[in-house]
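A.B. asks: FYI, in full-length UniProt numbering the residues of the sequence shown are 1 to 118. Backbone N, C-alpha and C fix where the C-beta goes; we use that ideal spot for every residue, glycine too. Sharing a structure below in structure tokens format, with a few things to ask.
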Amino acid sequence: MNVETVREYCLSKKGATESFPFDDVSLVIKVMNKMFALIDLEEANHIALKCDPEKAIELREHYSGIEGAYHFNKKYWNSVRFDSDVDDKFMKELIDHSYDEVIKKFTKKLRAEYDALP
Numbered sequence: 001m002n003v004e005t006v007r008e009y010c011l012s013k014k015g016a017t018e019s020f021p022f023d024d025v026s027l028v029i030k031v032m033n034k035m036f037a038l039i040d041l042e043e044a045n046h047i048a049l050k051c052d053p054e055k056a057i058e059l060r061e062h063y064s065g066i067e068g069a070y071h072f073n074k075k076y077w078n079s080v081r082f083d084s085d086v087d088d089k090f091m092k093e094l095i096d097h098s099y100d101e102v103i104k105k106f107t108k109k110l111r112a113e114y115d116a117l118p
């Protein structure tokens, strides 16, 4: 996958929005104002995704294209390279997992707001 395809897939998720809260090259993608992905547009070769801690370790052991995300809590965040042993289908699964990890931590109020989205 390339950076634009990854971006489009992330933004196709219900409630997803994009912004540049840190600088003009770090594209943050959020659901209900909670980050689930960050794409470095300067290098445009990887994405940081939230991950279940046990799964994060397992993925790093099995894929050379997945490592602990730079400047993130490595317990919960992985960096996934686009030009690696992670194919397009699995990249989408990892994005879905990150999105789901964020949603499952929503408060009842936030979940109700999310569920009310079209």
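Have a look at Lys74 and Phe22 and give me their C-alpha separation to the nearest angstrom.
C.D. replies: Within the sequence shown, numbered from 1, the residue matching residue 74 stands at position 74. Within the sequence shown, numbered from 1, the residue matching residue 22 stands at position 22. Rounded to the nearest angstrom, the two C-alpha atoms are 19 Å apart.
A.B. asks: Do you know offhand how far Glu42's Cα is from Val25's?
C.D. replies: Counting from 1 along the sequence shown, the entry for residue 42 is found at position 42. Counting from 1 along the sequence shown, the entry for residue 25 is found at position 25. Rounded to the nearest angstrom, the two C-alpha atoms are 6 Å apart.
A.B. asks: With DSSP run on the structure shown, which of helix, strand or coil describes Ala116?
C.D. replies: Walking along the sequence shown from the start, residue 116 turns up at place 116. Coil, per DSSP.
A.B. asks: Inspect the beta-carbon positions of Ile103 and Leu49 and report whether they are closer than 9 Å.
C.D. replies: Against the sequence shown, residue 103 aligns to sequence position 103. Against the sequence shown, residue 49 aligns to sequence position 49. No.
A.B. asks: Within the continuous beta strand (DSSP E) that includes Glu67, where are the two ends?
C.D. replies: Taking the first residue of the sequence shown as position 1, residue 67 is located at position 67. Per DSSP, Glu67 belongs to the beta strand (DSSP E) from 66-68.
A.B. asks: For Val6, report the span of its alpha helix (DSSP H) as first-last.
C.D. replies: In the sequence shown, counting from the first residue as 1, residue 6 sits at position 6. Unbroken alpha helix (DSSP H) run through Val6: 3-11.
A.B. asks: Is His71 helix, strand or coil when you go by DSSP?
C.D. replies: Sequence index remark: in the sequence shown, residue 71 carries index 71 (1-based). The answer is coil: DSSP assigns His71 none of H, G, I, E or B.
A.B. asks: If the criterion is Cβ atoms closer than 9 Å, does the pair Asp88 and Gly65 meet it?
C.D. replies: If you number the sequence shown from 1, residue 88 lands on position 88. If you number the sequence shown from 1, residue 65 lands on position 65. No. Outside cutoff.
A.B. asks: At 3 residues or longer, what runs of the beta strand (DSSP E) sit wholly inside the region 17-96?
C.D. replies: The qualifying runs are 26-31, 34-40, 46-50, 66-68, 77-81.
A.B. asks: Taking just the CA atoms, how far does Asn45 sit from Leu38?
C.D. replies: As a position in the sequence shown, residue 38 is number 38, starting the count at 1. As a position in the sequence shown, residue 45 is number 45, starting the count at 1. About 12 Å.
A.B. asks: Can you give me the C-alpha to C-alpha distance between Tyr63 and Ile57, rounded to a whole angstrom?
C.D. replies: Taking the sequence shown and counting its residues from 1, the one referred to as residue 63 is at position 63. Taking the sequence shown and counting its residues from 1, the one referred to as residue 57 is at position 57. In a straight line, the C-alpha of Tyr63 is about 10 Å away from that of Ile57.
A.B. asks: Should Lys105 and Lys13 be called a contact, given that it needs their Cβ atoms to be closer than 9 Å?
C.D. replies: Residue mapping note: residue 105 aligns to position 105 of the sequence shown, counting from 1. Residue mapping note: residue 13 aligns to position 13 of the sequence shown, counting from 1. No, Cβ-Cβ distance for Lys105 and Lys13 is not below 9 Å.
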